[in-house]
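2 protein chains.
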Amino acid sequence: MRHDSRLSRMLHVLIHMDRHNGSATSEKIAQMLNTNPVVVRRTMAGLREDGYVRSEKGHGGGWTLARPLEEISLLNIHRALGSPEVFAIGLAIDHPDCLVEQSVNAALRDAFTEAEAFLVSRFASVTIADIARDFDDRYSRCDQPQGPAACN
Amino acid sequence: MRHDSRLSRMLHVLIHMDRHNGSATSEKIAQMLNTNPVVVRRTMAGLREDGYVRSEKGHGGGWTLARPLEEISLLNIHRALGSPEVFAIGLAIDHPDCLVEQSVNAALRDAFTEAEAFLVSRFASVTIADIARDFDDRYSRCDQPQGPAACN
DNA sequence: TAGCATGTAACTAATCTTGTTACGGAATAG
DNA sequence: CTATTCCGTAACAAGATTAGTTACATGCTA
């Protein structure tokens, strides 16, 4: 079962956009994510619709942040991506009328519903600015001579 | 992203096996799950290795419960299935040396780790007998004349 | 108006899971 | 001891989903 890494990727992009503060073309972003411009446009479209980024055409165009990172939570981005399915494990619906299946699914549904509520509240409580601050910490530490080799 | 419904299906099967208490062939189970015998054997193999069911070859063979449902938790079955990935959302690893990616992934990993711990403890606290009891409730209720149409 | 950048549809490729076929081995009935 | 039944497993085919790609239209700016 393959992972959906769009959330991780979008957070990555938004922080880079903020720190480099300027506009970035889909081409540039695609290089950053090891993918291609069309995929970037597809993915960023949701963020634009929800007002977190803006896109401009023509010379000097590209993508820019529409709001400060303090005002964007992980949940906001999750939703902007269409609230993709969180779990890779799901319920069987082979015999919807079977009472055994109903009991099994009710039990599993309870557990997954609670776990998702937990995750959602966690996502709501973290802003991208929080993550960017953590990045600043790492960066200042690795800026030292004895720091890690790669700080791109 | 397609769901892995093996957990739900295996719980379903185990309860049926217990309530009908006798052995069931892969063929029978396959019919119950709208699938085919080879898939059943593949999936049940893990449960057998962990000692929850036994399989016997030849005439009158098939699958039987090796332990009472009281002693089998949802977590046991989850593990017997190889502890499949719980989440459909994952971390991007396009640039492992990029400190921004590291910060993003650290934040996401924290959230997912906690959510998974929650789910695991939930799974550990529910036995299949608990679910079977819930089934008994539903069954006794629907046994009434005014109950649901299908009580297979 | 030339060139750059996004928007989007349509198609291709890669991947993953499930379903299927085929055959081997073990147990049992008769 | 032989035919039948059933599991075990490998190997292959089919189906579904996602990411990647191509192509072309639109819009903006110099």
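Residue numbers (the UniProt record's numbering), protein chains in the order written: chain S, 1 to 152; chain W, 1 to 152. Virtual Cβ for every residue (Gly too), placed ideally from N, Cα, C. Computed from a predicted model, the values in this text were never measured in an experiment.
Endpoints, beta strand (DSSP E) assigned at residue i
i        : result
Glu56(W) : Val53 to Glu56
Residue i versus the options, residue with shortest Cα-Cα distance
i              : options                                     : result
Thr64(S)       : Met10(S), His3(S) and Ala117(S)             : Met10(S)
Thr127(W)      : Ala30(W), Glu101(W), Leu75(W) and Glu56(W)  : Leu75(W)
Ala132(S)      : Arg19(S), Ser8(S) and His3(S)               : Arg19(S)
Pro68(S)       : Asp94(S), Leu14(S), Asn34(S) and Thr113(S)  : Leu14(S)
Ser140(W)      : Leu99(S), Ile93(S) and Asp134(S)            : Leu99(S)
Ala66(W)       : His78(W), His59(W), Val53(W) and Ile77(W)   : Val53(W)
residue 159(W) : Ala115(W), Pro84(W), His59(W) and Val38(W)  : Outside the shown range of chain W, which is 1 to 152, sits residue 159(W), and nothing can be said about it.
Asn34(S)       : Asn34(W), Pro37(W) and Ile93(W)             : Ile93(W)
residue 154(S) : Arg2(W), Val104(W) and His59(W)             : The structure shown does not extend to residue 154(S), since chain S spans only 1 to 152, so no value can be given for it.
Glu71(S)       : Asp130(S), Arg2(S) and Ala106(S)            : Asp130(S)
Arg138(S)      : Asp97(W), His59(W), Glu114(W) and Arg138(W) : Asp97(W)
Beta-carbon proximity list for residue i, same chain, < 7 Å, skipping 5 on both sides
i         : result
Arg42(S)  : none
Asn152(S) : In this prediction, Asn152(S) scores a pLDDT of 41, lower than 50, which makes its location untrustworthy; the coordinate-derived value is nonetheless stated afterwards. So no residue of the chain qualifies.
Arg6(W)   : Thr43 and Leu81
His16(S)  : Met32
Ala124(W) : Ser73 and Leu75
Ala150(W) : Since pLDDT at Ala150(W) reaches only 35, below the 50 mark, its modelled position is unreliable, and no value is offered.
Ala117(S) : none
Leu119(S) : Val86
First and last residue of the uninterrupted alpha helix (DSSP H) at residue i
i         : result
Val100(S) : Leu99 to Ser125
Asp134(S) : Ile128 to Cys142
Cβ neighbours of residue i in the same chain (closer than 6 Å, five flanking residues each side left out)
i         : result
His95(S)  : Glu101
Gly147(W) : With a pLDDT of only 40 at Gly147(W), under 50, the local geometry of the prediction cannot be trusted, and the value read off the model is given with reservation. Excluding positions up to five away in sequence, the list is empty.
Val40(W)  : Ser26, Ile29 and Ala30
Asn36(W)  : Ala30
Ala45(W)  : none
Other residues of its chain near residue i: CB distance less than 8 Å, five sequence neighbours each side excluded
i         : result
Gly61(S)  : Ser23, Thr25 and Ser55
Asp134(S) : none
Ile77(W)  : Leu7, Met10, Leu11, Leu14, Leu47, Tyr52 and Ile128
Arg79(S)  : Asp50
| said: Using a Cβ distance threshold of 8 Å, determine whether the stretch 87–98 of chain W contacts the stretch 85–98 of chain S, with at least three qualifying pairs required. | reply: yes
| Contained alpha helix (DSSP H) runs [length at least 4] in the stretch 5–78 of chain S, N- to C-terminal order | 6–19, 26–32 and 37–49
| message | I'd like to know if the stretch 37–51 of chain W and the stretch 102–118 of chain W are in contact, where contact means that at least 3 CB-CB pairs between them fall below 8 Å. | response | no
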